[in-house]
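**Student:**
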Amino acid sequence: MTTKSRPQTSATQTNPFRSADHLPKQRGGQAPDPSYLPRQRAGTTPQMHGRYPDFDTLSQENAWDEVTRKVVLKRLEPYGEPKFFTPQEWRTLSAFSDVLLAQHTAPKVDVLAHVDAKLHAANGGGVNGYQFDDLPSEQDTWRRAAAGLDETAREREAAQYADANLETQAAILSDFMDGKLSGGAWDGMNVKRAFQVITGDLLEGFYSHPWAWNEVGFGGPAYPRGYMRLGMALDEDGDQREPWEKPETRDINAALLKDNEEHLGSKVKADEPIDLDWLKTEAARAAAISAELAANPRQFRANSYKRLLKGAIQPKENDSFRLLHVHKRAVPQDRMRRYTDDDEVDLLIVGAGAGGGVLAQRMARVGWRVVVLEGGPFWDPDADWVSDEAASHHIYWNGKRIIGGADPVAMGKNNSGHGVGGSMVHYAGYVPRFHPSDFMTHSLDGVGADWPISYWDVARHYEACEVELPAAGQDWPWGHVHRYTHSPHPVSGAAERLIVGADKFGMNLKIGPVGIANGTFGNRPHCIYRGFCLQGCKVNAKGSPLVTHIPDAINHGAEIRANSTVLRVLMDGARATGVEYIRDGQIRRQKARKVAVAGYAIESPRLLLNSAQKDWEDGVGNRHDQVGRYVMVQGAPVVMGRFPEMLRTYKAPPPEISTEQFYETDDERGFKRGFSIQTTGPLPIGFAHNILGEGHWGDALREYGRDYNHWASLGGLCELLPNADNRVTLADVTDHNGLPVARFDHSLHDNDKKNIAYAMRFIKGLLQQSGAQDIIAVERFAHLIGGNRMGFSPEDSVVSSDHKVWGTENLFVTDGSACPTQGSANPALTIMALSSRLGERFSRGQVPDGQPTPQPKRTKERAELFGPMG
Numbered sequence: 078m079t080t081k082s083r084p085q086t087s088a089t090q091t092n093p094f095r096s097a098d099h100l101p102k103q104r105g106g107q108a109p110d111p112s113y114l115p116r117q118r119a120g121t122t123p124q125m126h127g128r129y130p131d132f133d134t135l136s137q138e139n140a141w142d143e144v145t146r147k148v149v150l151k152r153l154e155p156y157g158e159p160k161f162f163t164p165q166e167w168r169t170l171s172a173f174s175d176v177l178l179a180q181h182t183a184p185k186v187d188v189l190a191h192v193d194a195k196l197h198a199a200n201g202g203g204v205n206g207y208q209f210d211d212l213p214s215e216q217d218t219w220r221r222a223a224a225g226l227d228e229t230a231r232e233r234e235a236a237q238y239a240d241a242n243l244e245t246q247a248a249i250l251s252d253f254m255d256g257k258l259s260g261g262a263w264d265g266m267n268v269k270r271a272f273q274v275i276t277g278d279l280l281e282g283f284y285s286h287p288w289a290w291n292e293v294g295f296g297g298p299a300y301p302r303g304y305m306r307l308g309m310a311l312d313e314d315g316d317q318r319e320p321w322e323k324p325e326t327r328d329i330n331a332a333l334l335k336d337n338e339e340h341l342g343s344k345v346k347a348d349e350p351i352d353l354d355w356l357k358t359e360a361a362r363a364a365a366i367s368a369e370l371a372a373n374p375r376q377f378r379a380n381s382y383k384r385l386l387k388g389a390i391q392p393k394e395n396d397s398f399r400l401l402h403v404h405k406r407a408v409p410q411d412r413m414r415r416y417t418d419d420d421e422v423d424l425l426i427v428g429a430g431a432g433g434g435v436l437a438q439r440m441a442r443v444g445w446r447v448v449v450l451e452g453g454p455f456w457d458p459d460a461d462w463v464s465d466e467a468a469s470h471h472i473y474w475n476g477k478r479i480i481g482g483a484d485p486v487a488m489g490k491n492n493s494g495h496g497v498g499g500s501m502v503h504y505a506g507y508v509p510r511f512h513p514s515d516f517m518t519h520s521l522d523g524v525g526a527d528w529p530i531s532y533w534d535v536a537r538h539y540e541a542c543e544v545e546l547p548a549a550g551q552d553w554p555w556g557h558v559h560r561y562t563h564s565p566h567p568v569s570g571a572a573e574r575l576i577v578g579a580d581k582f583g584m585n586l587k588i589g590p591v592g593i594a595n596g597t598f599g600n601r602p603h604c605i606y607r608g609f610c611l612q613g614c615k616v617n618a619k620g621s622p623l624v625t626h627i628p629d630a631i632n633h634g635a636e637i638r639a640n641s642t643v644l645r646v647l648m649d650g651a652r653a654t655g656v657e658y659i660r661d662g663q664i665r666r667q668k669a670r671k672v673a674v675a676g677y678a679i680e681s682p683r684l685l686l687n688s689a690q691k692d693w694e695d696g697v698g699n700r701h702d703q704v705g706r707y708v709m710v711q712g713a714p715v716v717m718g719r720f721p722e723m724l725r726t727y728k729a730p731p732p733e734i735s736t737e738q739f740y741e742t743d744d745e746r747g748f749k750r751g752f753s754i755q756t757t758g759p760l761p762i763g764f765a766h767n768i769l770g771e772g773h774w775g776d777a778l779r780e781y782g783r784d785y786n787h788w789a790s791l792g793g794l795c796e797l798l799p800n801a802d803n804r805v806t807l808a809d810v811t812d813h814n815g816l817p818v819a820r821f822d823h824s825l826h827d828n829d830k831k832n833i834a835y836a837m838r839f840i841k842g843l844l845q846q847s848g849a850q851d852i853i854a855v856e857r858f859a860h861l862i863g864g865n866r867m868g869f870s871p872e873d874s875v876v877s878s879d880h881k882v883w884g885t886e887n888l889f890v891t892d893g894s895a896c897p898t899q900g901s902a903n904p905a906l907t908i909m910a911l912s913s914r915l916g917e918r919f920s921r922g923q924v925p926d927g928q929p930t931p932q933p934k935r936t937k938e939r940a941e942l943f944g945p946m947g
């Protein structure tokens with residue numbers, strides 16, 4: 078635990094970091110003394126030891142865009158007096174932060190300054206978009222944790238936590254992480270979850286700092302320049318460096334590296350090898366199931382797109398790609414039509430995301446008068462977005478939501494959007510289709526629910542939306558076989574490694590599909606592979622409704638009214654007459670002939686429940702207690718593997734390659750339905766969350782962080798089955814408008830747990846066969862859908878096959894909350910396709926007036942796997 082002097086050494090001829098011997102899990106859980114590394118020569122690293130001693134991210138600040146440069150350089154300024162914490166809290170929490178992050182000597186990153194500013198700016202409101210039901214607010218969680226640390230230190234014979242010796246501080250931190258602290262300030266809190274809350278903020282403060290970027294070798298913000306050298310080089314290190322990037326040092330103190338004296342960190346054991354024969358058997362059986370489905374000619378009707386030239390295939394009835402400015406990223410609004418609240422528009426849409434944005438474009442295009450009310454801002458990518466993880470929270474939903482159940486689902490950036498474009502503004506970019514089987518899981522597998530429509534009712538809308546995004550990828554062999562309009566993007570060295578490894582045991586990995594332009598697309602430029610897809614695409618290469626549908630909607634007379642929060646739907650018996658909303662502090666009412674709710678899986682049920690009124694005392698559409706039920710997520714475990722070569726996965730979009738080979742039910746696996754596997758590309762903060770999530774802290778956390786450029790990351794998407802008790806209700810807490818916030822309770826069931834465990838085991842095997850020397854694995858969730866599900870009758874659902882709310886004449890739900898099952902595919906494209914289908918039915922007069930009529934459920938005798946429902 079003490080820093081040792083480092084004798085002079087000479088550079089070696091081979092890269093010592095091709096080996097994983099320095100990693101804690103390969104050393105019985107012990108982290109090496111960081112002084113085995115040379116002193117930093119360029120720029121600064123925390124404690125001034127570095128694996129990249131001649132690399133300084135800040136040397137490239139003149140190549141960054143102005144808004145990004147401003148937020149990053151501000152982190153180098155002295156913070157001043159605390160604005161949220163008291164002096165005593167600051168002292169205690171600074172000491173705790175130093176132990177967590179192994180900052181035992183100067184120079185140190187002032188991590189607590191980041192947290193203090195964040196909590197102060199929240200002004201008592203939501204911070205990260207959710208609150209555990211067994212914790213107080215995030216602000217109070219921090220204060221009680223500070224008090225609890227001092228109380229526990231006094232129990233262990235120290236005046237306060239900051240006065241305890243390092244061993245005592247570390248022991249308290251370890252007990253905090255394991256949830257073993259109790260009494261006093263800890264009572265009434267789930268201590269283990271409190272640890273997650275506060276350490277998440279501390280990791281963000283550390284790994285968003287340029288000094289930490291120097292330590293891990295992160296290239297930093299790459300806009301407007303981007304990255305060009307993505308794959309592995311042919312040399313020993315495999316390191317495709319840009320001109321400004323630097324290699325790892327070969328100058329290490331081998332004696333200090335071998336020293337196994339105990340240093341602060343973890344005791345997580347190394348993973349056992351996954352049997353290759355098992356991998357081959359499982360992969361072969363999954364491939365056979367896919368082939369059996371592929372043999373049915375009614376299912377597989379591949380489209381015949383021919384990629385003659387990049388961008389040659391263009392949307393037929395959507396000019397959005399031409400309407401954007403060539404050099405500016407903001408959507409032109411100067412010609413947008415403005416309606417008054419008293420104008421009874423043809424269609425009022427609540428929410429401008431995947432569902433609302435597509436429907437607005439479809440209906441404006443055929444002459445309907447359309448108003449979209451969006452609670453968030455109308456984004457200008459040039460001015461509003463930054464190439465930075467920590468400074469992008471404003472594009473996520475940060476309003477408070479209460480989460481509970483046995484397996485609560487974190488919200489915020491992982492699941493919810495805010496502003497025009499919705500969550501697709503910050504989605505990774507994957508746009509796979511659901512499979513035909515997803516629409517009838519109950520008939521096929523006896524689980525989940527059948528949809529009142531089939532895949533074939535949506536198929537041509539999938540194709541249309543893929544052209545509009547545009548989607549890029551290799552020919553797709555699973556589900557409904559099809560091609561993509563743009564050829565696949567180049568991939569990183571990590572993807573190259575994984576493709577070779579998968580081939581060893583019969584796994585088929587494909588590049589894509591991603592909704593990212595590969596080549597110019599009208600006035601939208603080519604992807605520059607900057608890697609910040611989850612922070613908003615400043616290039617406009619990634620497709621989201623903000624750039625794919627909103628411009629054309631505006632051009633055809635739609636109004637996108639941003640910063641307008643809808644409070645409730647106004648009903649006159651069975652008819653919706655409009656909505657009540659608040660804008661600029663004033664409550665207003667917008668009239669409409671039809672209303673479509675598209676606020677996504679949490680806010681749409683919340684809106685219907687908050688719209689309780691005459692004739693709808695339990696909430697609109699909720700006469701049978703269905704609103705808010707059957708909310709689903711996907712199990713999304715992340716498994717990372719460490720490789721000898723430099724992979725630099727921060728380059729290229731996070732989504733690169735994927736497989737749906739294990740998508741369908743295989744009864745031999747012991748559970749129903751399946752999963753897909755996709756690459757992810759965590760940036761430094763996300764990477765550190767995964768490391769801490771497996772139990773590594775202190776010196777171990779820092780050592781894994783320094784190893785960042787050697788890691789590849791894969792994520793599973795496991796289909797979790799719908800359950801009535803996984804639901805949205807109204808909480809006792811209210812928002813700043815005085816309305817109850819949403820409460821989401823979620824618990825895994827046996828089939829879900831088996832699916833996730835199997836997927837994690839298989840992904841570990843894939844990484845090992847690809848040459849991984851160490852593995853980190855954590856469980857998480859992604860992709861909310863359900864809550865207002867589509868069904869056959871009001872007793873089992875909220876909306877009909879035409880998305881019309883049961884018992885109403887003109888109220889619709891047109892977002893992911895209408896989906897009855899989740900599938901193992903990212904849901905964005907399906908949400909878009911469903912809205913496109915509804916728009917087509919509106920324009921053709923195929924949605925009958927009046928209340929919807931229940932339809933008979935699919936029976937085994939009626940079940941036609943590959944045909945429309947009629």
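In our numbering, the protein residues as written are 78 to 947. From the three backbone atoms N, C-alpha and C, an ideal C-beta is built for every residue, glycine too. From a predicted model like this one, the values you see are computed outputs, not experimental measurements.
1) At 3 residues or longer, and completely inside the segment 789-857: list those beta strand (DSSP E) runs for me, N to C.
2) Are L436 and T891 closer than 8 angstroms when you measure CB to CB?
3) Pop quiz: G523 and A429 are said to be a contact at Cβ under 8 angstroms. What is the actual Cβ separation, rounded to whole angstroms?
4) Looking only at C-alpha atoms, which of H880, N600, F739 sits nearest to S913?
5) What whole-angstrom Cβ distance do V716 and L844 have, given they're in contact under 8 angstroms?
6) Please state whether DSSP places T654 in a helix, a strand or coil.
7) Check this for me: beta carbons of E679 and A819, under 8 angstroms apart or not?
8) Look at the Cβ atom of A675, then the Cβ atom of V427, and state whether they are nearer than 8 angstroms.
9) Going by C-alpha distance, which of Y677, S112, S96, P93 is nearest R779?
10) Can you have a look at T91 and say buried or exposed, based on whether 16 or more other CB atoms are within 10 angstroms of its CB?
11) Do Y207 and A487 have their C-beta atoms closer together than 8 angstroms?
12) Taking 8 angstroms as the CB-CB limit, is P123 close to chain D?
13) Use the C-beta contact count for H99: other C-beta atoms within 10 angstroms, 16 or more gives buried, fewer gives exposed.
14) Between which two residues does the beta strand (DSSP E) holding V715 run?
15) Cβ atoms of G452 and S641: under 8 angstroms apart, would you say?
16) How would you label Q165, buried or exposed, when you count the other beta carbons within 10 angstroms and need 16 or more for buried?
17) At what residues does the beta strand (DSSP E) containing T642 begin and finish?
18) Do the segment 392-404 and the segment 537-546 meet, that is, are 3 or more Cβ pairs less than 8 angstroms apart?
19) Taking Cβ to Cβ, would you say N803 is nearer than 8 angstroms to V708?
20) Hey, could you find the ends of the alpha helix (DSSP H) V274 is sitting in?
21) Sorted by chain position, which residues of the same chain lie with C-beta nearer than 8 angstroms to F132's C-beta, five sequence neighbours on each side aside?
22) By Cβ distance, which residues of its chain are closer than 8 angstroms to A361, with the 5 residues on each side in sequence left out?
23) Give me whichever residues DSSP pairs with E636 in a beta bridge.
24) Whose C-alpha, out of P933, I908, S878, is nearest the C-alpha of V924?
25) With K668 as the anchor, note down where its beta strand (DSSP E) starts and where it stops.
26) Using a Cβ-Cβ cut-off of 6 angstroms (strictly less than) and excluding sequence neighbours within five positions of P115, which residues of its own chain qualify?
27) Is the CB-CB distance between F283 and G900 below 8 angstroms?
28) Over the uninterrupted alpha helix (DSSP H) stretch that includes T518, give me the two end residues.
29) Out of E886, P897, A895, P904, point me to the one whose CA is closest to P929's CA.
30) For N585, which residues in the same chain have their Cβ closer than 8 angstroms to its Cβ, ignoring the five residues on either side in sequence?
31) Once DSSP output is grouped into helix, strand and coil, what is the label at A579?
32) Under 7 angstroms Cβ to Cβ from F919, same chain only, skipping five residues before and after it: list those, please.
33) Looking only at C-alpha atoms, which of Q690, D264, Q246, G308 sits nearest to V656?
34) What's the C-alpha gap between I275 and F161?
35) With DSSP as the reference, please indicate the residues paired to W876 in a beta bridge.
36) Among the candidates G592, G868, N903, N767, whose CA atom is the shortest distance from the CA of V710?
**Tutor:** Well, looking at it:
1) List check, beta strand (DSSP E) in window: 804-811, 817-822, 851-855.
2) yes
3) Not a contact, Cβ separation roughly 38 angstroms.
4) Nearest C-alpha to S913: H880.
5) 6 angstroms
6) strand
7) Correcting the residue type first, residue 679 is Ile in the shown sequence and not Glu. Yes. Within cutoff.
8) yes
9) S112
10) Exposed is the label assigned to T91, since fewer than 16 other Cβ atoms lie within 10 Å of its Cβ.
11) yes
12) Going by chain labels, chain D is absent from the structure shown, which holds only one protein chain.
13) buried
14) 715-719
15) yes
16) Q165 comes out exposed.
17) 642-649
18) yes
19) yes
20) 268-284
21) Scanning its chain for C-beta atoms nearer than 8 angstroms, with the 5 sequence neighbours on each side dropped, one finds around F132 the residues A119, G120, N291, G294, E322, K323, in chain order.
22) Here the set comprises G583.
23) V448
24) S878
25) 663-668
26) So the qualifying residues of the chain are P130, T326, D328.
27) no
28) 518-522
29) E886
30) Within the same chain, N585 has close Cβ partners A364, P554, A579, T736, Q738.
31) helix
32) M440
33) Q690
34) 14 angstroms
35) A small correction: the amino acid at residue 876 is Val; Trp does not occupy that position in the sequence shown. Answer by DSSP bridge pairing, in chain order: M867, V882.
36) N903
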